[in-house]
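Residue numbers (mature numbering (1 follows the signal peptide of the UniProt record, and there is no 0)): -19 to -1, 1 to 713.
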């Protein structure tokens, strides 16, 4: 790819043609964003999969063998009694005879949303509302396909399809900001990454759910203004406010309990779960045995994971699996757990790296499936019939992932063939898989493959984008490693201007996230601060900057010791490593060490503040977007996972407070935040900016009205990108 760019550049010059330049408007609008395929769902027969058409009017059935369209199993232009023109998503019933069509989707938080659902009968081509009593959340088919449960206004409802879609109410005590049934509260949703907290038993006779009592959780509020794009007309003259329960580090969490509801007798039972008073329940799931409900729990420190098997009728609970860690249990352990008729597959870092373990359904360890000094990045499936496990791992390099299968005797086969980043979706019978591949120089390519890894057909090659790239003034992308003064080897990427001159001295802008377990230095097309192949970097390179990113200590892909060395002192080692990076870059002959900038979003913004305030003066300018400024302001689950509580770890909280370092800030700073950030509250920017004022530190600040943690809407993202770019242009 590098050679191709070089040849095309020479060709353009010889013909007197100038390469096109990336604009910030291009970046904000995604002009050069790689295409992808979304909503792929394998079908029961193992030979087909479904996908939403690009115009969101059809659900199309495709062949796994050929990749060709077989038929449309839903079409808004042909379905009877269809009163909508497009739809947002869909859910297939267990027997695939019915489809829930999702419309009028309205986001709540990161994972949650309400929508209006319709039941579509594939055979009869008929469409009818799931409910006429208001929008729904997280609908779920029963295993026999005859019932659908959903949540509305914090209560669970049940629709019986064999009884004229009769709707009944399962719970009745749900109340906003007090009690939630079957859906998680804010902090569970955000930090445990799920939006449905109920499940059907395998025989479709019972529903189990988590009840969240958040009545004692402290309230947080932020103002709403009229704003624009969209305008909130209700607040034209006087601002309003949004209130919700948000537990900050050390504060009270929701009280959580697990209940079962007998659909026939209408009896509700509370499970006799020996949970710590301040413990967590991040997942529940029925196994294939209707008498076994899996309840996953964590203690408040999140370093002890217990998997209970509960009897939904007797309410008794028995520990089947326990896993403990010196620091904390990662979310992958309970987020990727899979239950089969006779087995459980579990991820664990117990040997120092993230690997897969096979248990009996009763909780007895059968064997460790994968071993070695590498990380399993994704569990893709287990074929119980022959004992073969499918997974993705970074064996060979923490920068790259490949697809593997391993049999019951430990024989491993690599299924993906291209070096870079590979992700796979397998058919139900594991006869085929859809592989999504990219590298730093190759936009997303999606292929259909057989069980041996052979490519059968290309579904997406991003040919148009590849052609566009040849006409752009794109930077060169390079990976590099270096050792810090403490002897720690760190990985990074660097983008140099297309017309790079090794005899010149260039200013450098470093971008990083640096949060626990994160990775930005990866051989994938998503390289770059906005995950778009480095288009923002291309713009800045064209302005004469070298763009750099380094994953410091605490980031992922390199084992538990490297990732968890920041435990109890978030921000200290992470900022040291960014300063070390700046010092290393300053030794390179083509870098102007007096003109190095740094920026980041969220944890990356926080680490920007920490890195600019260590007293070294390594950075001439920096931008911190939506940044936490003191971990006492952030939520319980995330913060305490890495820091424990402020009462237990006052020294760690003080050491990791950007506010406490405010008087040591060196370099020009731009502070950016949205006033409606429900995640990292505007409070962080307000308190930090006040600390700078009192320390007599001058700084720039940009506030975005009514914008959340993502800071987008209308022209907002374009404005933000221009603000960041212009700040560096003016100050470096």
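Backbone N, C-alpha and C define an ideal beta-carbon position, used for all residues, glycine too.
- Boundaries for residue 621: no beta strand (DSSP E) harbours it, while the alpha helix (DSSP H) harbouring it runs 617 to 624, taken from the DSSP string.
- Ranking 72, 376 and 505 by CA distance to the CA of residue 98 puts 72 first.
- Remark: C-beta atoms of residue 122 and residue 75 approach each other more closely than 7 Å.
- Note on the region 379 to 465: whole beta strand (DSSP E) runs with a minimum of 3 residues are 383 to 387, 393 to 395, 402 to 407, 413 to 420, 423 to 431, 436 to 441 and 457 to 464, in chain order.
- Nearest to residue 23 by C-alpha distance, out of 382, 211, 48 and 1, is 48.
- The beta carbon of residue 556 sits closer than 7 Å to the beta carbons of 588, 591, 592 and 595 from its chain, once the five residues preceding and following it are set aside; these are given in chain order.
- Residue 221 is bridged by DSSP to 205.
- Less than 7 Å divides the Cβ of residue 506 from the Cβ of residue 419.
- Here residue 307 is exposed: its Cβ has fewer than 16 other Cβ atoms, across all protein chains shown, within 10 Å.
- Residue 52 has 42 as its beta-bridge partners, per DSSP.
- DSSP, read as helix, strand or coil, puts residue 24 in coil.
- In the displayed model, residue 632 falls within a helix according to three-state DSSP.
- Less than 7 Å divides the Cβ of residue 403 from the Cβ of residue 384.
- The continuous beta strand (DSSP E) containing residue 336 extends over residues 336 to 341.
- Residue 119 places its beta carbon less than 7 Å from that of residue 176.
- The shortest C-alpha to C-alpha distance from residue 244 to any of 669, 181, 427 and 706 is the one to 181.
- Judged by DSSP in its simplified three-state form, residue 640 adopts helix.
- Residue 435 sits exposed, since fewer than 16 C-beta atoms from the chains shown fall within 10 Å of its C-beta.
- In terms of Cα proximity to residue 212, the closest of 649, 281 and 688 is 688.
- Setting aside the 5 residues that flank it on each side, residue 332 is surrounded in the same chain by 349 and 352, each with a C-beta closer than 8 Å to its C-beta; the list follows chain order.
- For residue 673, the CB contacts under 7 Å within the same chain, skipping 5 residues up- and downstream, are 643, 646 and 680 in chain order.
- Judged by beta-carbon spacing, residue 456 lies beyond the 7 Å limit of residue 488, meaning their Cβ atoms are not closer than that value.
- The alpha-carbon of residue 372 is positioned some 26 Å away from that of residue 290.
- The three-state secondary structure of residue 654, taken from DSSP, is strand.
- Here residue 645 carries a helix assignment [DSSP, helix/strand/coil].
- Distance from the CA of residue 140 to the CA of residue 249, rounded to the nearest whole angstrom, comes to 18 Å.
- Taking residue 216 as the centre and dropping the five residues before and after it, the same chain places the C-beta of 205, 206 and 207 closer than 7 Å to its C-beta, in chain order.
- The straight-line gap separating the alpha-carbon atoms of residue 450 and residue 396 is approximately 29 Å.
- Only residues of its own chain outside the window of five on either side were considered, and among them 476, 508 and 509 have a CB closer than 6 Å to the CB of residue 515, listed in chain order.
- In the structure shown, the three-state DSSP call for residue 664 is helix.
- The alpha helix (DSSP H) runs of length 4 or more contained entirely in the region 288 to 318 are, from start to end of the chain, 313 to 316.
- Comparing alpha-carbon positions, the option among 492, 269, 234 and 96 lying closest to residue 258 turns out to be 234.
- Residue 237 places its beta carbon less than 7 Å from that of residue 191.
- When DSSP states are grouped into helix, strand and coil, residue 355 belongs to the coil group.
- Distance from residue 405 to residue 431 at the Cβ level is roughly 12 Å; contact not present, criterion being Cβ atoms closer than 8 Å.
- Residue 10 holds the alpha-carbon nearest to the alpha-carbon of residue 699 among 10, 114 and 325.
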